[in-house]
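Peer 1: Here the sequence shown is numbered in the working numbering, starting from 1 and rising by one per residue. C-beta atoms are modelled at their ideal positions from N, C-alpha and C, and glycine is treated no differently.
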Amino acid sequence: MSDGGYGTIVMEKIIINGAKPLRGTIEVSGAKNAALPILLAALMVDDKCVIENVPCISDVTLSLEILSSMGCRIRMLTKNTVEIDSRFATGGVSPYDLVRRMRGSYYLIGAELGRWGRAYVGLPGGCDIGIRPIDQHIKGFRALGAEISVEGGYVKASADELSGASIYFDNVTVGGTINVMIAATRAKGTTVIENAAREPHIVDLANFLNSCGAKITGAGTDVIKIKGVDKLYGSTYAIIPDMIEAGTYMCAAAATRGRLRVNNVIPKHLESISAKLEEMGVEIIENDDSVEVCGNGELRRVNIKTLPYPGFPTDMNPQIGVLLCLAKGVSCLTESIYDNRFKYVEELKRMGASITVDGSTAIIEGGGMLSAAPVKALDLRAGAAMIIAGLAAKGRTEIEDIHFIERGYDDIVGKLRSVGADIKKVIIPSAVSFEKAN
Ligand code: EPU
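1. Confirm, please, whether the CB-CB distance from residue 72 to residue 94 is below 7 angstroms.
2. Excluding five sequence neighbours on each side, which residues of the same chain lie with their C-beta closer than 6 angstroms to the C-beta of residue 166?
3. Any heavy atom of the ligand EPU within a distance shorter than 6 angstroms of the CB on residue 99?
4. Quick one: complete beta strand (DSSP E) runs, 3+ long, within the region 311-396?
5. Taking only runs of the alpha helix (DSSP H) that begin and end inside the region 190-248, which ones reach a length of at least 4 residues, in chain order?
6. Can you tell me the Cβ-Cβ gap for residue 144 and residue 178, rounded? I've got them flagged as a contact below 8 angstroms.
7. Let me check one thing: in DSSP terms, what residues is residue 75 bridge-paired to?
8. Measuring straight from C-alpha to C-alpha, what distance separates residue 65 and residue 296?
9. Per DSSP, what kind of secondary structure is residue 142 in: helix, strand or coil?
10. What's the call for residue 10, buried or exposed, on a 16-neighbour Cβ count within 10 Å?
11. If we call anything under 7 angstroms between Cβ atoms a contact, is residue 62 one with residue 101?
12. Quick one, are the C-beta atoms of residue 162 and residue 45 less than 7 angstroms apart?
13. Grouping DSSP H, G and I as helix and E and B as strand, with all else coil, what is residue 61?
14. Since residue 178 is in the alpha helix (DSSP H), which residue starts that stretch and which ends it?
15. Flag this pair as yes or no: are the beta carbons of residue 107 and residue 124 separated by less than 7 angstroms?
16. Under 7 angstroms between the Cβ atoms of residue 236 and residue 50?
17. Are the Cβ atoms of residue 328 and residue 298 separated by less than 7 angstroms?
18. Between the region 253-266 and the region 315-332, can you find at least three pairs of beta-carbon atoms closer than 8 angstroms?
19. Taking 6 angstroms as the cut-off, is the beta-carbon of residue 337 closer than that to any non-hydrogen atom of the ligand EPU?
20. Tell me, to the nearest whole angstrom, how far the beta carbon of residue 26 is from that of residue 262; I am working on the premise that it is less than 8 angstroms.
21. I want to know whether the region 218-226 touches the region 23-39 - three or more CB-CB distances under 8 angstroms.
22. Could you tell me how far apart the beta carbons of residue 36 and residue 67 are, in whole angstroms, since I believe they sit closer than 8 angstroms?
23. Mind checking residue 331: buried by the 16 CB within 10 Å criterion, or exposed?
24. Does the distance between the C-beta of residue 454 and the nearest non-hydrogen atom of the ligand EPU fall short of 6 angstroms?
25. At which residues does the beta strand (DSSP E) containing residue 452 begin and terminate?
26. Taking the Cβ atom as the reference point for each residue, do residue 439 and residue 241 lie within a distance shorter than 7 angstroms?
27. Whose C-beta lies closer than 6 angstroms to the C-beta of residue 337 among residues of the same chain, with five residues either side of it excluded?
28. Could you tell me if residue 358 is buried or exposed, where buried requires 16 or more neighbouring beta carbons within 10 angstroms of its beta carbon?
29. Using the C-alpha atoms, what's the distance from residue 422 back to residue 18?
30. Looking at the secondary structure, which residues open and close the beta strand (DSSP E) in which residue 156 lies?
31. For a test of the three-state rule: what should DSSP assign to residue 24, helix, strand or coil?
32. If you run the structure through DSSP and keep just helix, strand and coil, what is residue 405?
33. Following a CB-centred definition, is residue 174 positioned closer than 6 angstroms to any heavy atom of the ligand EPU?
34. Cα separation between residue 190 and residue 121?
35. Do residue 168 and residue 199 count as a contact pair if the criterion is CB distance below 7 angstroms?
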């Protein structure tokens, strides 16, 4: 916003008047964590790809900006369909300022290595949910024959030729599995990844790459085989629905004692979430591509531990945490993936929650009502949790730092309004103005 030679800082907030049951049908968008690797892997295809069911979120916009700055031609064919023509891309260097704003940008290392045999990519950013090393990615690339160093905030990788190899990950890593799978697609010979992550977005990326001519089998199990190919071809591919977005709306329905049909989902992907909600007394009806959630009854306490897929997802920890505050009795929520996932607890306490964090477990004394308060979205999923808490609480909740939420939720405000939530996004010019430098 400009004011002559002065600027004004604007602040965006979400404002919710809560305690209104959600009712109706809500549509789920394409999966963020599938979209990011698929869009960035299109860089390696060296042809035109059309990707459908792309969510309108800021991490996608950033990914497309990165691809565009590397010479890809990007055309939005519809709101959710993008054409990426990577034939004229120039490889080897990615724009640092853009890359460091997003975790998923590390997939550029795999894509650039696969296509050009060299990569120079800024260390990734992303939500602060704990220590997030990329040592397993690096171990995988080295096994494929790449030389890797980390210098001045960049990962520098090069290989005369990538060769297939056996890689055993020391821990289950979604990003590591995806990154090595991308690079190995263009390696000479066969790569076997053991102790691979099994998340649905890994299967989705494998399906996309296979639709471009790759030869990947076993995605969705803990052993993935990739027979390297010389060339990939453009294809048209639709991204799977976002299981975490779906799970977030399921929790919102239960938290407001509402009744929602959550459309465009793959119920199998939601099993661990549905099972816990049912254990808490929420009624779930599974249809072919939707789930109905009815949260009329009293919520019961449960214990939950987050685990890699098909276990209960860490990306649902904060949202289910809110629900446990509303359940009768004491619940234990244990986080086994990240060491800083409980930041949202302090914000929930402002709303009256009674939670003690002991190491990796939150002990949640439920049963009380949450009360509206000004809170912050401290990261993407913590922000989603604040929205659920605001929808459940009586009174006016104001949420700041909503840019975190916009990284991963496609029009969350509009979608929740369409099912009866009193929620809006407001832009507030701050009292602070500053003189612009020339
Ligand atoms: N890890 C290592 N070394 C590595 C890689 C990971 O020690 O080289 C550790 C991590 O520190 C963590 C665990 O392994 O403790 C799992 O990390 P993983 O690699 O699976 O996570 P990620 O690839 O960094 C993706 C999603 C996250 C999601 C996790 C787990 C993207 C861009 N990010 O992160 O999504 O939480 O998988 O499912 O796909 C979110 O959407 O809110 C989000 C944070």
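Peer 2: Inspection of the coordinates gives the following:
1. no
2. 192
3. False, no ligand heavy atom lies under 6 angstroms from that Cβ.
4. 330-334, 354-358, 361-365, 374-376
5. Entirely contained in the region 190-248, the alpha helix (DSSP H) runs reaching 4 residues are, in chain order, 200-211.
6. About 14 angstroms separates the Cβ atoms of residue 144 and residue 178, ruling out a contact at the 8 angstroms cut-off.
7. DSSP lists 83 as the beta-bridge partner residues of residue 75.
8. 44 angstroms
9. helix
10. With fewer than 16 other Cβ atoms within 10 Å, it is exposed.
11. yes
12. In this structure, residue 45 does not lie closer than 7 angstroms to residue 162 by Cβ.
13. helix
14. 174-184
15. no
16. Contact annotation: residue 236 and residue 50 have beta-carbon atoms nearer than 7 angstroms.
17. yes
18. yes
19. Correct: residue 337 has its Cβ closer than 6 angstroms to the ligand EPU.
20. 6 angstroms
21. no
22. The Cβ separation is near 11 angstroms, so there is no contact.
23. buried
24. The structure shown does not extend to residue 454, since the chain is modelled only from 1 through 438, so no value can be given for it.
25. With the chain represented from 1 up to 438, any question about residue 452 goes unanswered, as that position is not in the structure.
26. Here the chain comprises residues numbered 1 to 438, so residue 439 is not present and cannot be evaluated.
27. 306, 314
28. exposed
29. 7 angstroms
30. 154-158
31. strand
32. Collapsing the DSSP output to three states places residue 405 in a helix.
33. yes
34. 26 angstroms
35. no
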